[in-house]
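Only one structure is covered here, and it is reproduced in the block below.
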Amino acid sequence: MCLAQFVTNIIFGKFLLKSVITTKMYIGTAVTVLGTIIAVLFSSSSKTDEMTIDKLFALWLAPVYIFYLILMGGAIVVISSAYKTFELAEEKGVPLPYTHILKPLMYSTWSALFGTQSVVQAKVSASRNTLRAILGATCAPLAQNGSGKSELTGRLSKRVAVNVGLASSAE
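One point on numbering: in the working numbering, the residue at position 44 of the sequence shown is 404, and numbering is uninterrupted.
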């Protein structure tokens with residue numbers, strides 16, 4: 361979806377807005393398309409493991425992920441501070457060296473870090489809220505029962521089975 365945005369921006373910009381599309385813009389769009397094609401070609405073709413709420417919570421609470429979020433949050437703070445420093449220098453009329461290169465680089469890096477996590481956390485919240493709506497539960501991690509599944513996974517399986525008519529009336 362995002363790839364199409366770059367291509368359509370070029371097309372609409374040129375034909376509808378009559379904008380001048382520079383060679384850099386064409387090259388940037390071509391590199392983006394090529395990168396996306398390469399990523400798709402080399403992505404995993406095996407069936408992915410089904411994500412349960414228990415697995416989601418385990419990943420979300422993993423120390424490595426928490427460390428990554430802290431590191432990324434620190435990077436966002438550092439990038440924001442550096443960007444503001446470059447802006448203030450420009451406002452004073454004394455731009456810092458390489459401002460024309462570093463400001464766009466800092467902006468795009470900050471946007472990528474923040475935007476990626478915004479999308480990931482929105483998807484996690486949507487999944488959690490969907491399960492909450494289906495189960496009428498808080499979706500907090502629950503204790504494991506004897507089968508190795510959590511109570512939540514068991515309740516979800518039973519609720520889904522009942523909804524599609526697979527469970528017997530004795531359950």
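Even for Gly, the Cβ is constructed at its ideal location relative to N, Cα and C.
Nearest-angstrom Cα separation, counted from residue j out to residue i
{"i": "residue 492", "j": "residue 436", "result": "32 angstroms"}
{"i": "residue 405", "j": "residue 468", "result": "30 angstroms"}
{"i": "residue 476", "j": "residue 466", "result": "15 angstroms"}
{"i": "residue 482", "j": "residue 396", "result": "23 angstroms"}
{"i": "residue 379", "j": "residue 371", "result": "10 angstroms"}
{"i": "residue 457", "j": "residue 449", "result": "10 angstroms"}
{"i": "residue 364", "j": "residue 429", "result": "29 angstroms"}
{"i": "residue 390", "j": "residue 471", "result": "21 angstroms"}
{"i": "residue 424", "j": "residue 490", "result": "26 angstroms"}
{"i": "residue 417", "j": "residue 452", "result": "49 angstroms"}
{"i": "residue 454", "j": "residue 439", "result": "20 angstroms"}
{"i": "residue 526", "j": "residue 393", "result": "In this prediction, residue 526 has a pLDDT of 41, which is less than 50 and means its spatial position is unreliable; what the coordinates show is noted afterwards. Residue 526 and residue 393: Cα-Cα distance of roughly 45 angstroms."}
{"i": "residue 480", "j": "residue 402", "result": "22 angstroms"}
{"i": "residue 459", "j": "residue 398", "result": "32 angstroms"}
{"i": "residue 368", "j": "residue 383", "result": "16 angstroms"}
{"i": "residue 484", "j": "residue 388", "result": "31 angstroms"}
{"i": "residue 486", "j": "residue 422", "result": "20 angstroms"}
Close-in-space but distant-in-sequence residues of the same chain around residue i (CB under 7 angstroms, 5 per side omitted)
{"i": "residue 473", "result": "432, 435, 436"}
{"i": "residue 462", "result": "446"}
{"i": "residue 374", "result": "381"}
{"i": "residue 464", "result": "none"}
{"i": "residue 377", "result": "none"}
{"i": "residue 400", "result": "none"}
Buried/exposed call for residue i, threshold 16 Cβ in 10 Å
{"i": "residue 426", "result": "exposed"}
{"i": "residue 413", "result": "buried"}
Proximal residues to residue i (C-beta, below 6 angstroms), its chain only, five neighbours per side dropped
{"i": "residue 443", "result": "466"}
Contacts around residue i, its chain only, beta-carbon distance under 8 angstroms, and the 5 residues preceding and following it disregarded
{"i": "residue 386", "result": "370"}
{"i": "residue 419", "result": "425"}
Contact test: residue i Cβ vs the ligand PLP heavy atom, cutoff 6 angstroms
{"i": "residue 478", "result": "No copy of the ligand PLP appears in this structure; indeed no ligand is present at all."}
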